[in-house]
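Residue numbers (mature numbering (1 follows the signal peptide of the UniProt record, and there is no 0)): -19 to -1, 1 to 162.
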């Protein structure tokens, strides 16, 4: 919870500073996601994701984040509204996904919530197969446990995400944890 608060407060501070500096609305600027959250800021917010204790070992890089975000630019992710709104949207996304992938423990440096982007796969690895869903049928031998920054679970979520990404995630759900873009 602390990381959420820190990131959201950082977003509010960022928007206040931008407004005070007279930042133009996004509609008049050509900034993209990579400029709104640069590599230095990304690495400071998610400082333990490359730590040897984290299974992800840097899987979630700034470069991968920007590539993934750009693939959803036409849908409006981080590209619509005023600059302050776009920054808040990106920071809220990072706060949520950081929470989903945290690897902290109670006595971890900076607290357990400072260890976001530590995991690529859910540790329990349950099957999460809803067999009664005819639209997104489970593939024999596949498990639909949480993977990637959104920690997708269940066959119907993998099916819908795969459709949006143009990938067959029902047959190969591990793509979510092997390609960060």
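Built from N, CA and C at the ideal position, the CB exists for glycine as well.
Predicted, not measured: the structure shown is a model, and the values here were computed from it.
Buried or exposed by the 16-neighbour rule on C-beta atoms within 10 Å, applied to residue i
i: residue 154; result: buried
i: residue 130; result: buried
i: residue 16; result: exposed
i: residue 64; result: buried
i: residue 68; result: buried
i: residue 60; result: buried
i: residue 86; result: exposed
i: residue 39; result: exposed
i: residue 143; result: buried
i: residue 70; result: buried
Residue closest to residue i, alpha-carbon to alpha-carbon, out of the options
i: residue 112; options: 55, 135, 104, 28; result: 135
i: residue 125; options: 139, 116, 114; result: 139
i: residue 104; options: 118, 61, 127, 123; result: 127
i: residue 107; options: 115, 122, 94, 98; result: 122
i: residue 25; options: 79, 142, 52; result: 79
i: residue 35; options: 84, 137, 89, 43; result: 84
i: residue 28; options: 132, 93, 162; result: 93
i: residue 114; options: 86, 75, 38, 151; result: 151
i: residue 146; options: 52, 117, 30, 99; result: 52
i: residue 55; options: 132, 141, 14, 97; result: 14
i: residue 77; options: 88, 66, 97, 91; result: 97
Secondary structure of residue i, DSSP reduced to three states
i: residue 33; result: coil
i: residue 153; result: coil
i: residue 53; result: coil
i: residue 162; result: coil
i: residue 28; result: coil
i: residue 66; result: helix
i: residue 21; result: helix
i: residue 15; result: helix
i: residue 74; result: helix
i: residue 46; result: helix
Rounded Cβ spacing between residue i and residue j (contact assumed at less than 8 Å)
i: residue 20; j: residue 43; result: 4 Å
i: residue 82; j: residue 100; result: 5 Å
Can you list the beta strand (DSSP E) stretches of 3 or more residues lying completely in the segment 78 to 151, in chain order?
none
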